[in-house]
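With my numbering, the residue at position 391 of the first sequence is 1118, and numbering never jumps. Below is one structure, written out as structure tokens; the observations come after it.
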Amino acid sequence: MTSLFALVDCNSFYCSCERVFQPDLNGKAVVVLSNNDGCVIARSNEAKELGIPMGEPFFKIRRMVENGQVRAFSSNYELYGDLSDRVMQTLSHFTPCIEVYSIDECFLDLSNFYKKDLFAYAHEIKATVLQWTGIPVSVGIAPTKALAKVANRLAKKSRKANGVLVLTDPYHIKKALEATSIEDVWGIGRQYARFLRTRNVQTALDFTNLSENWVRQHMTIVGVRLLKELRGESCLELEEVAPSKKGICTSRSFGKKADSFEVLQEATASYAAKCAKKLRRQKSCERLVTVFVTTNRFSENDRQYSNSKTVCLPVASNSDIELIHYACIALKAIYRDGYWYKKSGVIVTDIVPETQIQYDLLDTVDRGKHNKLMGVLDGLTDRFGRDKVKVATQGIDGVWQLKRDFKSPCYTTRISDLQSVYVK
DNA sequence: TCTGGGGTCCTAGGACCC
DNA sequence: TCTGGGGTCCTAGGACCC
């Protein structure tokens, strides 16, 4: 059977999400900012045309925002996550074989669809997603995932393609590869692009003409897979079930600089609780907690310090209380007085399924009780919104919390969340 | 003044085992 | 003086993704 994939990619996803609930933003330059309103992480086409690059620090475009040229939004991941679910739901009506690749991208396995009018089908996908969710998407169809990526990129870029490109015959595939610069290829990052350019590889087509041995030697097996994919040989399968995560990290830069242990402890405890919650969601526990802290590397006048510490739990756990306890032990070991801290984080690794925990005969923790308590806590969170009930170490509205000056309301999430918006 | 966050995979090298 | 060879596991670092 010949393979065939569609890649459906939402256009300027975060900006489009804001537009769904504020249609007056259509046709206007919109950007969405990273945490703490630090830099630009999503741009509408109009914002791109104004020359705003990805990752631009906010202060550089502040003037354009103030004079109304650009509308800026703090990132609102609850809203984006919810709309993403709706898009993926819609796509699963077209085939059950889908791989949710990221918050705004989805692969569809269309191997059985070769006889269909693929062009019409792609347009139908695009129109349906727009109609059902309000989110505009581009659709690229090709025999391999890497080629579907190429197709999708050109579908989005070319006005003539109008958001849809089907690449199935060798002639058009070759043309598409020729039109794709090497740095725009999926899997070719800055380092490889620079390296390949020195070897006179300028386009995806040039890349496909390299020898497999050479690619293996310089770009590992990953490069070889990409080479084959671009030559039309499918090596990357559809991954319908997301594998459970091997490591989970929660980290943030602080809204303000912090210089006391108490503030860092509140932040660290909150990140540990977030990790615990993520673990419970995927029904697993962890044995290693790493805490890291760092000062602001951009601030040349401040003394710099960064460090990390890993602590091993006696028994794998996903309880807020235990994770916070061990994270605080790790934090104590690395905290030093006299620095302006900018960021901290908690990473949990050595993750095992809840059902495969090695218990300790001398265990002093009542795990049944912990599990019940966490069940109740999660229930309260579902009913009344995040952080309504939490472990005291996490503090209340600490100075470390995110700066989000331009946040839109959580239009789609639970009523309880909306109530908490009103209360504020 | 202001510069994101959360992941993956692969490789090389060292420790250790038989 | 001779000083194997194969395997596994772990970690750090480097590349990439959205």
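The beta carbon of each residue, even a glycine, is placed where N, CA and C say it ideally should be.
When the Cα atoms are used, isoleucine 779 and threonine 935 turn out to be separated by approximately 33 Å.
In this structure threonine 1108 does not touch alanine 996 by the C-beta definition: roughly 16 Å separates them, more than the 8 Å allowed.
Spanning the alpha carbons of leucine 1104 and glutamine 1083 requires a straight line of approximately 23 Å.
For arginine 917, there are no CB contacts under 6 Å within the same chain when 5 residues up- and downstream are skipped.
Burial is judged here by how many other beta carbons sit within 10 angstroms of a residue's own beta carbon; alanine 1057 has at least 16 and is buried. In this structure, DSSP gives glycine 916 a state outside helix and strand, which the three-state scheme calls coil. Between serine 978 and the set Thr855, Cys833, Trp941, Asn762, the nearest pair of CA atoms involves Asn762. For valine 990, the uninterrupted alpha helix (DSSP H) segment begins and ends at 988-1008. Residue pairing for asparagine 1034: DSSP places it in a beta bridge opposite Val1020. Sorting Ile975, Ala985, Ile1074, Asn1045 by C-alpha distance to the C-alpha of tryptophan 1067 places Ala985 at the top. Pairing lysine 884 with glycine 890 gives a Cβ-Cβ distance that is not under 8 Å. Boundaries of the alpha helix (DSSP H) harbouring glycine 950: 939-957, taken from the DSSP string.
For valine 1092, no alpha helix (DSSP H) run applies, since DSSP gives it neither H nor E.
Tyrosine 1086 sits exposed, since fewer than 16 C-beta atoms from the chains shown fall within 10 Å of its C-beta. Separation of the CB atoms of cysteine 742 and valine 757 is rounded to 4 Å, and the pair is thereby assigned contact status at 8 Å. Around the Cβ of lysine 853, a 10 Å sphere holds 16 or more other Cβ atoms; the residue is buried.
For proline 750, the three-state secondary structure derived from DSSP is helix. In the DSSP assignment, threonine 1076 forms a beta bridge with Leu1015. Counting of Cβ neighbours within 10 angstroms places isoleucine 948 among the exposed residues, the total staying below 16.
Taking C-beta atoms as the reference points, alanine 999 and valine 1079 fail to come closer than 8 Å.
With respect to the C-alpha of alanine 769, the residue from Ala875, Leu760, Glu776 having the closest C-alpha is Leu760.
With 16 or more other Cβ atoms from the protein chains shown falling within 10 Å of its own Cβ, leucine 734 counts as buried.
Here the alpha carbon of glutamate 832 sits roughly 23 Å from the alpha carbon of glutamine 749.
In this structure, the CA atom of leucine 1100 is about 29 Å from the CA atom of asparagine 803.
Going by DSSP, alanine 985 is part of no alpha helix (DSSP H) but of the beta strand (DSSP E) stretching over 975-985.
Check the Cα spacing between leucine 835 and each of Ser801, Thr871, Gly808, Ser1026: the tightest is with Thr871.
Between the alpha carbons of phenylalanine 800 and leucine 1015 lies a gap of roughly 36 Å. Here DSSP, grouped into helix, strand and coil, assigns glycine 782 to coil. Distance between glycine 1106 and lysine 1004, taken at the CA atoms: about 12 Å.
In the three-state reduction of the DSSP assignment, isoleucine 788 falls in the coil class. Nearest Cα to aspartate 1029 within the set Gly1065, Glu1013, Ser1046, Ala849: Gly1065.
In the structure shown, serine 1044 falls within a strand segment according to DSSP collapsed to helix, strand and coil. In the structure shown, the three-state DSSP call for isoleucine 862 is coil. Closest option to serine 1033, judged by alpha-carbon separation, among Tyr1062, Gly959, Ser1044: Tyr1062.
The beta carbons of valine 1018 and glycine 1125 sit no closer together than 8 Å. For a cut-off of 8 Å, the C-beta gap from cysteine 1002 to leucine 923 is around 38 Å, too long to register as a contact.
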